[in-house]
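>
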Amino acid sequence: VDRTLSDIVDVVILPLRHTVYTINLWALRFAFPGSWDADEFWTGAPEAFRTVTEHLDFKDRDTRPLLGLVSDTLLEELRTEAARRRETPEASGGASFSRVLDARLLGIFTM
Numbered sequence: 103v104d105r106t107l108s109d110i111v112d113v114v115i116l117p118l119r120h121t122v123y124t125i126n127l128w129a130l131r132f133a134f135p136g137s138w139d140a141d142e143f144w145t146g147a148p149e150a151f152r153t154v155t156e157h158l159d160f161k162d163r164d165t166r167p168l169l170g171l172v173s174d175t176l177l178e179e180l181r182t183e184a185a186r187r188r189e190t191p192e193a194s195g196g197a198s199f200s201r202v203l204d205a206r207l208l209g210i211f212t213m
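Using my numbering, read the sequence shown as starting at 103 and increasing by one per residue.
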């Protein structure tokens with residue numbers, strides 16, 4: 103995986119960002135009880151990741167399950183990439199995705 107300087111900086115400052123966003127979410131939970139449950143988030147986020155990644159290869163799958171789960175821009179990029187892979191066999195790169203074995207959540211990146 104190629105990493106840019108921006109990717110490295112994002113990973114380095116992730117703990118700080120996570121702390122700031124967690125404090126914001128705790129304040130939200132205090133102001134509106136029941137609006138944020140950290141335990142549900144930590145349980146649900148890896149499952150959400152698995153659900154989305156199961157549908158990333160569009161060769162033989164429907165894109166409708168991803169509507170509303172990922173941005174329209176990302177969905178269009180994924181459609182374009184899937185079409186390119188179908189048209190040119192060498193574009194697939196020889197790798198295929200089958201399933202997520204483990205997902206470790208490092209923190210809240212953005213809100």
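Using N, Cα and C, we set each Cβ at its ideal position, and we do this for glycine too.
1) DSSP has L107 in a bridge; who is on the other side?
2) Does DSSP classify L208 as helix, strand or coil?
3) Just to confirm my understanding: we take S100, look at its own chain, exclude 5 residues before and 5 after, and list those with CB closer than 8 Å. What are they?
4) Tell me which residues share the same chain as L207 and place their Cβ nearer than 7 Å to its Cβ, disregarding the 5 neighbours each side in the sequence.
5) In chain order, what residues of the same chain have a beta carbon less than 7 Å from the beta carbon of L168, not counting five sequence neighbours either side?
6) Let me check understanding here. Comparing Cα to Cα, which of G170, A133, T190 lies closest to A150?
7) Which whole-angstrom value describes the C-beta separation of P117 and G209, a residue pair presumed to lie in contact below a C-beta threshold of 8 Å?
8) Can you tell me which of the three DSSP states L221 falls into?
9) Thinking R187 and T165 are a contact (beta carbons under 8 Å), I'd like their distance in whole angstroms, please.
A quick look at the data gives this:
1) Paired residue(s): none; L107 is not in a bridge.
2) coil
3) Residue 100 is absent from the structure shown; the chain starts at 103 and stops at 213.
4) Here the set comprises W144, A147, P148.
5) V154, H157, L177
6) Of the candidates G170, A133, T190, the one whose C-alpha sits nearest the C-alpha of A150 is G170.
7) 6 Å
8) Since the first residue shown for the chain is 103 and the last is 213, residue 221 is missing from the structure and cannot be characterised.
9) That pair is no contact at about 14 Å.
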